[in-house]
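Undergrad:
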Amino acid sequence: MTNKEIAKIFEELAQLLEIKGENSFKVRAYLNASREINALPYSLESMVKDGKDLTKLPNIGEQIAKKIEEIVNSGKLEKLEKLKKEFPPVLLDLLSIEGLGAKHIKTLYENLHFSTVEELQELAKEHKIRTLKGFGPKLEDKIAKGLKLLKQEGIRFLYAQAEPYANELYKYLQIAPTIIRLEIAGSFRRKKETVGDLDIVASASEPQKVIEYFTKFPKVSQIISAGDTRSTIVLENSLQVDFRVVKDEHFGSALHYFTGSKAHVLEIRRMAQDLNLKINEYGLFSNDKNLASKDEADIYRAFGMEYIEPELRENRGELKSAKNKILPKLIELGDIKADMHIYSNFSYGENSIEEIANYAQEMGYKYIAITDHFGSIDTNKIEQYLKEIDKLNSTYKDFKIIKGVENDILEDGSLALNNNTLSKFDIVYGVINSNFKLPKNLQSARLIKAIQNPYLSLISHISNRVIQQDEGIELNYKEIFNALKANNKYLEINSQPNRLDINDILAKEAKKYGIKFLINSSAKSLEELHYIKYGVNQARRGWLEKGDVLNCLMEFKILPFISS
DNA sequence: GCCGTTTTCGGCCCGACTGTTTTCAGTCG
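Under this note's numbering, the letters of the first sequence match residues 73 to 636, in that order.
#1: Taking all protein chains shown into account, do 16 or more other C-beta atoms lie within 10 angstroms of the C-beta of residue 526, making it buried, or fewer, making it exposed?
#2: Would you give the residue range spanned by the beta strand (DSSP E) that residue 358 belongs to?
#3: Under the DSSP definition of a beta bridge, which residues are partnered with residue 303?
#4: Tell me whether residue 213 is buried or exposed, calling it buried when 16 or more other Cβ atoms sit within 10 Å of its Cβ.
#5: At which residues does the alpha helix (DSSP H) containing residue 75 begin and terminate?
#6: Nearest-angstrom Cα distance between residue 156 and residue 318?
#7: Check whether the stretch 409-419 touches the stretch 579-586, taking contact to mean three or more Cβ pairs, one atom from each stretch, closer than 8 Å.
#8: Closest to residue 460 by C-alpha separation, out of 484, 432, 426 and 436, would be which residue?
#9: From this set, 372, 116 and 87, which residue's C-alpha is nearest residue 139's C-alpha?
#10: For residue 372, which residues from the same chain have a beta carbon less than 7 Å from its beta carbon, with the 5 sequence-adjacent residues on both sides left out?
#11: Whose C-beta lies closer than 8 Å to the C-beta of residue 617 among residues of the same chain, with five residues either side of it excluded?
#12: Whole-angstrom Cβ separation of residue 234 and residue 267, contact assumed at under 8 Å?
#13: With contact counted as at least three CB pairs below 8 Å, one residue from each stretch, are the stretch 201-219 and the stretch 165-184 in contact?
#14: Under the rule that 16 or more other beta-carbon atoms within 10 Å means buried, what is residue 573, buried or exposed?
#15: Can you give the Cα-Cα distance for residue 481 and residue 343, rounded to whole angstroms?
#16: By the DSSP assignment, the alpha helix (DSSP H) with residue 576 in it spans what residues?
#17: Residue range of the alpha helix (DSSP H) that residue 255 falls in?
#18: Near residue 255, what residues of its chain come up, given a Cβ to Cβ distance below 6 Å and the 5 sequence neighbours on each side ignored?
#19: Using 8 Å as the cut-off, classify the Cβ of residue 602 as near or not near the heavy atoms of the ligand GDP, replying yes or no.
#20: Helix, strand or coil: which one does DSSP assign to residue 614?
#21: In the DSSP assignment, find the unbroken alpha helix (DSSP H) run with residue 475 in it and report its ends.
#22: If you follow the beta strand (DSSP E) that residue 591 is part of, which residue opens it and which one closes it?
#23: Using only the alpha-carbon positions, how far apart do residue 195 and residue 189 sit?
#24: If residue 451 and residue 476 are in contact, beta carbons under 8 Å, what's the gap, nearest whole angstrom?
#25: List the residues that DSSP assigns as beta-bridge partners of residue 229.
#26: Consult DSSP for residue 199 and reduce its assignment to one of helix, strand or coil.
#27: Quick check: the Cα distance between residue 382 and residue 262, rounded to an integer number of angstroms?
#28: If we call anything under 9 Å between Cβ atoms a contact, is residue 530 one with residue 485?
#29: Taking 8 Å as the limit between beta carbons, can you name the residues of its chain near residue 470, skipping five residues before and five after?
#30: Starting from residue 532, follow its DSSP beta bridges and name the residues at the other end.
#31: Measure the alpha-carbon distance for residue 353 versus residue 369 and round it to whole angstroms.
Given below as structure tokens:
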């Protein structure tokens with residue numbers, strides 16, 4: 073039972089209770105718990121089996137702790153099973169229809185007694201919905217359209233997929249009439265690995281004009297709403313964009329509010345309440361006096377805090393650290409001096425080692441590692457590869473190619489290449505390319521054995537996840553982190569936009585163990601060398617500083633794996 | 001249902017927009 077599965081159970085429980093009409097604060101409590109569980113670095117199942125006190129976790133009280141134990145021990149939650157018998161599963165699907173919430177669904181179900189999508193579609197066609205109290209032709213139409221789209225809901229965009237649209241919108245809006253300041257906010261600004269929609273905040277002297285201009289963006293496929301200060305559109309690629317325009321004196325508080333995360337903003341709001349203050353998108357108020365609203369930094373200053381970078385705003389301790397003025401100074405793209413995981417055309421890559429080296433120097437790198445994938449039968453190829461790197465290195469003065477290799481970790485934890493071959497490389501990456509479904513204890517033991525191999529330098533994309541497609545392998549991270557630390561081994565943050573592995577939450581956790589990182593592109597082409605910015609994003613979200621990342625070092629000679 | 005060095009009871013974010021109304025409930029972020 074994974075944390076995701078447990079979180080899903082509480083989410084469904086909350087949704088069904090909401091439809092049932094249960095106390096909304098209770099519903100919110102379940103949703104808070106669900107969100108908390110999703111963000112936990114460690115498996116709840118293990119915590120239950122180790123007899124840990126779950127009520128120590130925020131948003132988990134006695135009742136929910138008991139329910140978690142029930143889920144872990146029996147695989148299900150009786151309370152949810154009962155509710156599911158009371159309401160057909162289609163009701164949960166209806167919640168995903170834009171503009172349709174629990175109250176309407178309750179009314180629909182109580183009056184029309186449908187149990188499938190098809191039945192509800194039929195009722196819409198017969199215009200039975202518009203006659204209900206609180207419904208009308210427009211809502212009926214919305215439901216009919218929403219039912220058709222049900223199946224394709226729930227997809228978030230990879231950050232890198234949303235990025236070109238964000239850039240294009242930014243460029244377009246920059247020249248909107250009367251616009252003063254402009255910023256992409258939301259999860260995009262927080263550099264989250266996926267974004268559900270784009271949130272954009274602007275200030276202008278005449279907001280209505282900006283809104284009107286916004287809705288005329290050429291790639292709009294649907295205008296959901298367009299008021300005096302706010303508008304929502306959907307783009308051709310079905311990416312939703314929420315836009316908010318305020319007066320310039322409110323820009324800071326609006327930007328803060330719409331950057332989120334929700335958890336961060338709510339926590340600040342609670343802090344304001346404790347100080348008898350009120351915070352909203354227009355400012356921080358003491359009675360009617362606005363204490364801070366022009367710039368984001370003003371708001372944090374008003375609380376006596378350091379400025380908090382958007383990447384940290386997830387309510388994972390950043391507010392407390394800001395108060396104590398001990399926030400990390402986050403790593404920046406410019407701190408990266410080398411890319412240590414690149415494929416040439418000796419294996420998966422498109423380019424020759426020389427082409428890569430030339431391009432890397434143009435990017436300003438001081439050294440790189442070429443790390444092609446070799447198997448045990450590639451002996452001749454390996455000799456040729458090593459010779460090629462030596463030959464190129466003899467021509468450089470202020471640049472160095474480090475000899476790397478990517479190597480399979482076999483099921484028993486040994487490496488595919490023998491020690492004699494491995495000893496010819498400066499840096500050896502282990503990857504798991506088979507037996508993904510081993511049980512957690514065996515998978516962890518396999519990786520730990522590889523970590524103990526003196527020839528292995530680090531594990532590449534440790535969880536093997538593919539974002540939104542594959543959860544990856546199951547590991548006991550406490551054991552893994554201890555093994556990495558004990559054996560002086562490192563963690564990679566792989567920058568491929570659909571990997572970003574190890575992720576932010578685990579990176580933050582690993583840092584507590586004193587583990588160092590490498591941020592690598594694992595590029596297969598020259599273009600992909602620029603993916604490294606996504607890895608840096610993830611590192612920033614994981615609270616990493618320059619000093620935590622080995623390829624921020626100016627000199628390759630002081631890298632721990634360089635022997636000579 | 002969770003939370004709390006002012007609380008173990010009484011709070012729990014709040015403003016904009018839409019579509020239904022005839023002054024406001026529901027939904028969303």
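Glycine included, every Cβ here is placed at the ideal spot set by N, Cα and C.
TA: Walking through what the data contain:
#1: That one is exposed.
#2: For residue 358, the enclosing beta strand (DSSP E) covers residues 355-358.
#3: Residue pairing by DSSP places residue 303 opposite 298 and 315 in a beta bridge.
#4: The residue is exposed, with fewer than 16 neighbouring Cβ atoms inside 10 Å.
#5: It spans 75-92 - the alpha helix (DSSP H) in which residue 75 sits, taken as one unbroken run.
#6: Each residue's alpha carbon lies about 44 Å from the other.
#7: These segments do not touch.
#8: Nearest neighbour of residue 460 by Cα position, chosen from 484, 432, 426 and 436, turns out to be 426.
#9: Ranking the options by Cα distance to residue 139, first place goes to 116.
#10: For residue 372, where only same-chain residues beyond five positions count, the Cβ hits under 7 Å are 378, 379, 380 and 394.
#11: Taking C-beta separations shorter than 8 Å and ignoring five residues to either side along the sequence, the partners of residue 617 in its chain run 400, 401, 402 and 403, following chain order.
#12: Right, the Cβ-Cβ distance comes to about 5 Å (below 8 Å), so this counts as a contact.
#13: Proximity of the stretch 201-219 to the stretch 165-184 meets the contact definition, three or more beta-carbon pairs being nearer than 8 Å.
#14: Result: buried.
#15: Roughly 49 Å separates the two Cα atoms.
#16: From DSSP, the alpha helix (DSSP H) with residue 576 extends over 576-584.
#17: It is not in any alpha helix (DSSP H) - residue 255 instead sits in the beta strand (DSSP E) that spans 251-256.
#18: The residues are 273 and 327.
#19: This structure lacks the ligand GDP, and indeed carries no ligand of any kind.
#20: Reduced to three states, the DSSP call for residue 614 is coil.
#21: According to the DSSP assignment, residue 475 belongs to no alpha helix (DSSP H) but to the beta strand (DSSP E) extending over 472-480.
#22: 589-592 is the span of the beta strand (DSSP E), which, as asked, contains residue 591.
#23: When rounded, the distance between both Cα atoms is 10 Å.
#24: Under the criterion of beta carbons closer than 8 Å, residue 451 and residue 476 do not qualify as touching, at roughly 17 Å.
#25: 267.
#26: Of the three classes helix, strand and coil, the one that applies to residue 199 here is coil, per DSSP.
#27: Straight-line Cα distance between these residues: approximately 5 Å.
#28: Result no, Cβ atoms of residue 530 and residue 485 do not sit closer than 9 Å.
#29: Sequence-distant Cβ neighbours of residue 470 in its own chain, meaning closer than 8 Å and more than five residues away, are 438.
#30: Residue 532 is not bridged by DSSP to any residue.
#31: Rounded to whole angstroms, the gap between the alpha carbons of residue 353 and residue 369 is 14 Å.
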